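Asks: This is the structure I want to talk about, given as structure tokens.
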Amino acid sequence: MEDPYKALGVARDASQDDIRRAYRDLAKQHHPDLNPGNVKAEERFKTVSAANELLSDPEKRGKFDRGEIDAAGQERAPQSSYRDYAEGDAGRRYGRSGPKSGGWSAEDLGDMFGSIFNTDHRAKAPVRGRDEHYSLTTDFLDAVNGATKRLTLPDGRTLDVKIPSGTADGQVLRLRGQGGGGGNGSPDGDALIEIHVIAHRYFSRDGQDIRLDLPVTLSEAVLGGPIEVPTPGGPVRMRIPPHSDGGTELRLRGRGVPAHGDRAAGNLYATLRVALGKPDAALEEFLRNWRQERPADPRRAMEAGR
Amino acid sequence: MISIEVLVTQISGLQRQDLERWISNQWVRPDGRAGAYAFREIDVARVRLIRELRDEMQVNEEALPIVLSLLDQLYDQRRRMRELGDALRRAAPDEVRRTLARHLADQTGIE
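What follows is the structure in structure tokens.
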């Protein structure tokens, strides 16, 4: 039998208050009804209670101190604890779902098994593979006309990506089944490929139309004539009308972005830019002696300094 | 089944008026009605527990309902666990029980 002073963790000359306080602290920790199923706590509580029984009574404590009784003699006959009932069927009386309810409700089952079944479900349900994201950079003309590009993936696989004609910068192509592998026989994910289009030196894109600054010579502008115009689909011959000033916009119908999907082919708009090049002596001579019938000021519409 | 008069003499330090307050607070729920209560063993044990909580562990009556509610939930869960254990013992083949035990022993607290 453990020494009751040691059991309570107090000195032999502890006051009655010290003993009471020590017992309360230990009872809070080890009370068996607060520690159901914990045999150690139960044993500890028995020892502590017995020690308290002995030492909290000054008369008994004196007898023990003088050696007239030993620690064991004071152990109280065990009383049946609340937990002896609470855990059994009788405990339903104070259960949350009321005294009458026996058996498990659906919620009870869900509470205890929900997580198990859910985990199970998750593991067994087909898991579609992840979509993987890639990006692919392409020339302007390949994007307008369409092309097939080979993309090397980080895992070493290669994908032949068919870029449809009319693909715009930032457009995302979806290649079905080329993404991450699916689990449990479910479909693979897709590869999502964002297309980046490199700007062209001459062409620019405006929806389905293509725009182009087209240099012409002075005589082509003034006299007109046949010229060759580059288009995404290859050079096209056309005739410039006489007196086509710089800034004149010529339209080549159907020579923009080719028809794709449900979109009709766009137009090509060529804006004329008069390019003099290096003037020769004859032109200089002509201009020196040139007397314009109606002198023109192309800057008249501009306000000075603005 | 014992009456309130007998109960009060059985539990040292228990005042009848305290017990009647606990009953009206629904902390103890004996059979019968006021003036003719009948306490089962579990009711007696619960009264003893409440008295110990209050007098020896100094859980005051303001805090007692919280403590009792948590205890009731704890015992509900333990009863469920016991019932689950019983059901497994009756219904689950040895192999399943061994597998379950192995899985539970492997639990590390993560997933």
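Protein chains in written order, with the working numbering: chain A, 6 to 311; chain B, 25 to 135. Where is the CB? At the ideal position from N, CA and C, for every residue including glycine. Remember, it's a predicted structure, so these values are computed and weren't measured experimentally.
Taking C-beta to C-beta, are R102 of chain B and P41 of chain A nearer than 7 Å?
Replies: Cβ atoms of R102 of chain B and P41 of chain A: closer than 7 Å.
Asks: State the Cα-Cα distance for the pair V177 of chain A and E199 of chain A, rounded to the nearest angstrom.
Replies: The alpha-carbon atoms of V177 of chain A and E199 of chain A are separated by roughly 4 Å.
Asks: Consider the Cβ of G194 of chain A: report whether some Cβ of chain B lies at a distance smaller than 7 Å.
Replies: Chain B, which has no Cβ nearer than 7 Å to the Cβ of G194 of chain A, makes this no.
Asks: The beta strand (DSSP E) spanning H36 of chain A covers which residue range?
Replies: Neither: H36 of chain A is in no beta strand (DSSP E) and is coded neither H nor E.
Asks: Let me know if E47 of chain A comes out buried or exposed under the rule of 16 or more other beta-carbons within 10 Å of its beta-carbon.
Replies: With 16 or more other Cβ atoms within 10 Å, it is buried.
Asks: Give the secondary structure of Y139 of chain A by DSSP, where H, G and I count as helix, E and B as strand, and everything else as coil.
Replies: Strand, per DSSP.
Asks: Measuring alpha carbon to alpha carbon, tell me which of A:R29, A:Q183, A:G151 and A:L281 ends up nearest E80 of chain B.
Replies: With distances taken between Cα atoms, E80 of chain B lies closest to A:R29.
Asks: Within the region 263-295 of chain A, note down every full alpha helix (DSSP H) run reaching 4 residues or more, in order along the chain.
Replies: Runs of the alpha helix (DSSP H) inside the region 263-295 of chain A: 286-294.
Asks: Taking H265 of chain A as the reference, give the member of A:D165, A:T163 and A:V149 with the closest Cα.
Replies: Answer by Cα proximity: A:V149.
Asks: Residues in the same chain with beta-carbon distance under 6 Å from T236 of chain A, minus the five sequence neighbours each way, listed in chain order, please.
Replies: Hits under 6 Å: R260 and L273.
Asks: Rounded to whole angstroms, what's the CA-CA distance from D23 of chain A to D75 of chain A? Just pull it up for me.
Replies: Their Cα atoms are separated by approximately 21 Å.
Asks: With a 10 Å radius around its C-beta and 16 neighbouring C-beta atoms as the bar for buried, classify V30 of chain B as buried or exposed.
Replies: When all chains shown are included, V30 of chain B counts as exposed.
Asks: By the DSSP assignment, the beta strand (DSSP E) with M243 of chain A in it spans what residues?
Replies: Its beta strand (DSSP E) spans residues V241 to I245.
Asks: Which word fits I74 of chain B, buried or exposed, when buried means at least 16 other C-beta atoms lie within 10 angstroms of its C-beta?
Replies: When all chains shown are included, I74 of chain B counts as buried.
Asks: If you pair each beta-carbon of the region 179-199 of chain A with each one of the region 209-222 of chain A, do three or more pairs fall below 8 Å?
Replies: Short answer: they don't touch.
Asks: Can you find a CB in chain A that lies within less than 7 Å of the CB of I134 of chain B?
Replies: Unreliable placement is indicated for I134 of chain B, whose pLDDT of 46 sits below 50; the coordinate value is still reported in the next sentence. By this cut-off, I134 of chain B is not an interface position.
Asks: Do L219 of chain A and L277 of chain A have their C-beta atoms closer together than 7 Å?
Replies: Against a cut-off of 7 Å, the Cβ pair of L277 of chain A and L219 of chain A comes out as a contact.
Asks: Using the three-state DSSP reduction, which class does I203 of chain A fall into: helix, strand or coil?
Replies: Correct three-state label for I203 of chain A: coil.
Asks: Please confirm whether any heavy atom of the ligand PLP lies closer than 6 Å to the CB of A87 of chain B.
Replies: Of ligands this structure carries none, so the ligand PLP is not represented either.
Asks: Can you confirm whether Y87 of chain A, when its beta carbon is compared against all beta carbons of chain B, has any partner nearer than 7 Å?
Replies: At least one chain B Cβ lies under 7 Å of Y87 of chain A.
Asks: State the DSSP-derived secondary structure class of D302 of chain A, mapped to helix, strand or coil.
Replies: The answer is coil: DSSP assigns D302 of chain A none of H, G, I, E or B.
Asks: For G282 of chain A, tell me which candidate among A:E225, A:D267, A:A275 and A:V234 has the shortest Cα-Cα distance.
Replies: Of the listed residues, the one whose Cα sits closest to G282 of chain A is A:E225.
Asks: Would a C-beta distance cut-off of 7 Å place V202 of chain A and D165 of chain A closer than the cut-off?
Replies: No, these two residues do not count as a Cβ contact at 7 Å.
Asks: Quick one: which chain A residues come within Cβ less than 9 Å of R41 of chain B?
Replies: For the record, residue 41 of chain B in the displayed sequence is Gln; it is not Arg. Going along chain A, no residue has its Cβ under 9 Å from Q41 of chain B, so there is no contact; the nearest lies around 22 Å.
Asks: From A306 of chain A to E298 of chain A, what distance separates their C-alpha atoms?
Replies: Each residue's alpha carbon lies about 20 Å from the other.
Asks: Tell me, please, whether the CB atom of A69 of chain B is closer than 7 Å to any CB atom in chain A?
Replies: Chain A, which has a Cβ nearer than 7 Å to the Cβ of A69 of chain B, makes this yes.
Asks: Using DSSP's beta-bridge definition, name the partner residues of P231 of chain A.
Replies: Paired residue(s): A:R244.
Asks: Since Q34 of chain B meets chain A, which of its residues come closer than 7 Å, beta carbon to beta carbon?
Replies: Correct list: empty, because the minimum Cβ distance to chain A is about 10 Å.
Asks: Tell me, please, whether the CB atom of Y99 of chain B is closer than 7 Å to any CB atom in chain A?
Replies: Yes, its Cβ sits closer than 7 Å to a Cβ of chain A.
Asks: Nearest chain B C-beta to P37 of chain A closer than 7 Å, yes or no?
Replies: Chain B, which has no Cβ nearer than 7 Å to the Cβ of P37 of chain A, makes this no.
Asks: Could you tell me whether any Cβ in chain A is nearer than 7 Å to the Cβ of M81 of chain B?
Replies: Yes - at least one Cβ of chain A is within 7 Å of the one on M81 of chain B.
Asks: Label E76 of chain B either buried or exposed according to how many other C-beta atoms from any shown protein chain fall within 10 Å of its C-beta, with 16 as the threshold for buried.
Replies: With 16 or more other Cβ atoms within 10 Å, it is buried.
Asks: Taking only beta-carbon atoms, is I28 of chain B less than 7 Å away from chain A?
Replies: No, I28 of chain B does not count as interfacial toward chain A.
Asks: Tell me which same chain residues have a C-beta within less than 8 Å of the C-beta of V68 of chain B, skipping the five on either side of it?
Replies: Here the set comprises I26, L31, Q34 and I35.
Asks: For V71 of chain B, does the count of other Cβ atoms within 10 angstroms reach 16, so buried, or fall short, so exposed?
Replies: Classification for V71 of chain B: buried.
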